[in-house]
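Student:
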RNA sequence: GGAGAGGUCGCAUAGUUGGUCUAGUGCGCUGCACUCGAAAUGCAGUAUGGAUAUUUUUUCCAUCGAGGGUUCAAAUCCCUCCCUCUCCGCCA
């Protein structure tokens, strides 16, 4: 949710920014409800004050006082009912408003308006026709989709053998890399950032969460994305982000503990409703996939720099794997509702002859933390909302697709990226 | 799953025949005093959200796990839910 005070002070700017994000603008309505709500609140607080005075009066048994108090009770009850309605309406409208994009975000009306910031790494030239990842995986017996469909349905798979070893290698590689304070420090310096070099703490979060925190995360997209467990009011996470960004729900964090940087691993579940017929081959788009996710809680001062650090780390990881990629600055239309800005990284897939999305980095400013009530306490005891960032370290399925296609050999085997060999018990090919 | 106990202002605790609880006390923390300095001691302060005011100072409302209800008045009584702990059962 955005700040109502900001809307009051900047109604026209808010209208403009909401429209630039492709959302219907309801600012006049919100302001009207806000006024109504506040005048009712003042009225009710005044009545409550009178009631408190009467109740604390030692002569509360006096009949005149009693009758006044009873009148008051009626008035308060009826005004409170009205206020409740107005507030509900107000809250619904407030939550329709997306986070406002930073001025640096290009204005656009579709994903075609995303800006390619840079393309990094050389696309490997093959002296044979490169195969698609599922062709390679099938020939090597790395994926069993047929039996997965029998047991679980479409968009599920059994991953086998060296593909499993590759995934475990990637996980260890990421966790070790992000634990390296010296490396983080040098990346911060190379990018002219002025933030802490604190390493990321590895974390295994729960995979299920309750409705209330999920809603407060501004990330719950009930119909299309998320599986619900009706029996227990629980949802299967669609990303580790959901149980990470909610971790400090309703908490106040001492400033000296910030930034909090986590590298979380979780199996993610997505319904993928509305994607029938898209990416049906192989493991590109699955109902279940494993992902390593970075999550950062910081002050408002450093939120944007933390975002830049996360993108730099994503690029570092890609460069270490020597995978060609491009970096997209997403436009106002394509960054998510809670985002102030957002960057995607797309890896080059020689089999598909396309760049495909493997990473995203989202900066939510205080939009998530306002609903989640995650605050920080400064050394002078003042309190403010934290800023939240999340970013993919590796979507393991997709990064393995990129490795299979980019590292394929003429005989159909796969070379292991050099940096992963130590994590593969010295194995150099799959 | 069965039986029982319990959730109070950072921590620990008092408070449940409704009304000086507008939440006491201890610890912790902050400031001041005493001191060469410290300890000890004394004094003062010590939550969050919101409305209102504002160059500084305010005043008020709400919050005792959450939500409802009874009442002039609820930490206290009633209902629903959530969570924690103990014992038993089951279990990776």
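Numbering (the working numbering), first residue to last: 6 to 435.
Backbone N, C-alpha and C fix where the C-beta goes; we use that ideal spot for every residue, glycine too.
1. Between which two residues does the alpha helix (DSSP H) containing residue 178 stretch?
2. Would you mind reading off the limits of the beta strand (DSSP E) that contains residue 1?
3. In terms of residue numbering, what span does the beta strand (DSSP E) encompassing residue 269 cover?
4. Mapping the DSSP letters down to three states, classify residue 130 as helix, strand or coil.
5. Going by DSSP, name the residue or residues bridged to residue 361.
6. Would you mind giving the Cβ-Cβ distance between residue 337 and residue 25, rounded to the nearest angstrom? I have them listed as a contact below 8 Å.
7. According to DSSP, which residues form a beta bridge with residue 207?
8. For the alpha helix (DSSP H) that residue 404 lies in, which residues bound it at each end?
9. Please determine, among 311, 10 and 16, the residue with the shortest C-alpha to C-alpha distance to residue 202.
10. Going by Cα to Cα distance, which pick from 98, 76 and 421 is closest to residue 59?
11. Quick one: Cα of residue 404 to Cα of residue 145, how far?
12. If you run the structure through DSSP and keep just helix, strand and coil, what is residue 432?
13. Check residue 303 in the structure and name its three-state DSSP category.
14. Per DSSP, which one or two residues make a beta bridge with residue 347?
15. Determine the contact status of residue 167 and residue 147, defining contact as a CB-CB distance below 8 Å.
16. Assess, as a yes-or-no matter, whether the region 406-425 is touched by the region 294-310 under the definition of 3 or more beta carbon pairs within less than 8 Å.
17. Given this structure, state the Cα-to-Cα distance separating residue 398 from residue 250, to the nearest angstrom.
18. Considering only the alpha carbon of each residue, which of 38, 170 and 295 lies closest to residue 431?
19. Just the C-alpha distance for residue 242 and residue 55, rounded to the nearest angstrom, thanks.
20. Starting from residue 423, follow its DSSP beta bridges and name the residues at the other end.
21. For the structure I just gave you, are there three or more beta carbon pairs, one from the region 365-383 and one from the region 268-285, closer than 8 Å?
22. Once you ignore the five residues that flank residue 231 on each side, which residues in its own chain have a CB closer than 6 Å to its CB?
23. Among the residues of its own chain, which have a CB less than 6 Å from the CB of residue 139, if the five just before and after it don't count?
24. Considering only C-alpha positions, which residue in the set 254, 289 and 296 is nearest to residue 269?
25. Residue 35 to residue 382, Cα distance in whole Å?
26. Identify which residue in 247, 83 and 9 has its Cα closest to the Cα of residue 103.
27. Among the candidates 27, 62, 15 and 81, whose CA atom is the shortest distance from the CA of residue 47?
28. State the CB to CB distance for the pair residue 248 and residue 214, rounded to an integer number of angstroms; the pair is presumed to be in contact (CB under 8 Å).
Tutor: On the basis of the coordinates in this document:
1. 167-183
2. Residue 1 is absent from the structure shown; the chain starts at 6 and stops at 435.
3. 265-274
4. coil
5. 352
6. 5 Å
7. 268
8. That run of the alpha helix (DSSP H) goes 401-411.
9. 311
10. Among 98, 76 and 421, the Cα nearest to that of residue 59 is on 76.
11. 18 Å
12. coil
13. strand
14. 367
15. yes
16. no
17. Between residue 398 and residue 250, the C-alpha separation is close to 15 Å.
18. Of the listed residues, the one whose Cα sits closest to residue 431 is 170.
19. 48 Å
20. Residue 423 is not bridged by DSSP to any residue.
21. no
22. 240 and 243.
23. 286 and 287
24. 296
25. 30 Å
26. 9
27. 81
28. 5 Å
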